[in-house]
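Residue numbers (full-length UniProt numbering): 1 to 103.
Where a beta carbon is used, it is the ideal one built from N, C-alpha and C, also for glycine.
To start, the structure itself, in structure tokens.
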Amino acid sequence: MIINTNSYGTLNQNYVKRIQDTITKALTEYPRVMVLRVDLRLPEIETGSYNTDSGLVTRFVVSLKAQIEADLLKKYNAGKRVHPCRVRHIWAREFNDYGKKHY
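Structure below.
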């Protein structure tokens, strides 16, 4: 496999392997898989404890899964065919040039 390099340097091989493993597991379970990238950026102004809260990503993923489950249940109750949807995620915390976190 060819690994991209850019002005930020080479990719972390452990991260690349974990990403590959996650995608492989998803493709093993489902014939079609959607990949979605989401960048969570916090406001410039400190507005509460969530800015330094290590559970930020966990809360986001739990909320996303709950919203998907609620949508599937709503469709099921409306008599529509639904398929199970297992959400897998990969995340990383990064810092910009000013030390501000984003996920």
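Should the stretch 80-94 be regarded as contacting the stretch 13-32, the criterion being three or more beta carbon pairs within less than 8 Å?
Touching, yes.
Distance, Cα to Cα, G79 vs D71?
For the purposes of this step, residue 79 is identified with residue 79 of the sequence shown, where counting begins at 1. For the purposes of this step, residue 71 is identified with residue 71 of the sequence shown, where counting begins at 1. In a straight line, the C-alpha of G79 is about 13 Å away from that of D71.
Along the alpha helix (DSSP H) that carries A66, what are the first and last residues, could you check?
Here the question's residue 66 lines up with position 66 in the sequence shown. Run containing A66: 56-77, per the alpha helix (DSSP H) assignment.
For R68 and V82, which I take to be in contact (beta-carbon distance under 8 Å), what is that distance rounded to the nearest angstrom?
Within the sequence shown, the letter at position 68 stands for residue 68. Within the sequence shown, the letter at position 82 stands for residue 82. Reading the sequence as shown, one finds Ile at residue 68 and not Arg. Not really, about 11 Å apart at Cβ, beyond 8 Å.
Using DSSP with H/G/I as helix, E/B as strand and the rest coil, what is K101?
The sequence position of residue 101 within the sequence shown is 101, counting from 1. K101 falls in the strand class under three-state DSSP.
Per DSSP, what are the beta-bridge partners of R41 in this structure?
Here the question's residue 41 lines up with position 41 in the sequence shown. For R41, which the question treats as bridged, DSSP gives the partners H102.
Our contact map puts Y103 next to L64 with C-beta atoms below 8 Å; I'd like the distance itself, whole angstroms only.
Numbered from its first residue, the sequence shown carries residue 103 at position 103. Numbered from its first residue, the sequence shown carries residue 64 at position 64. 13 Å between Cβ atoms; not a contact.
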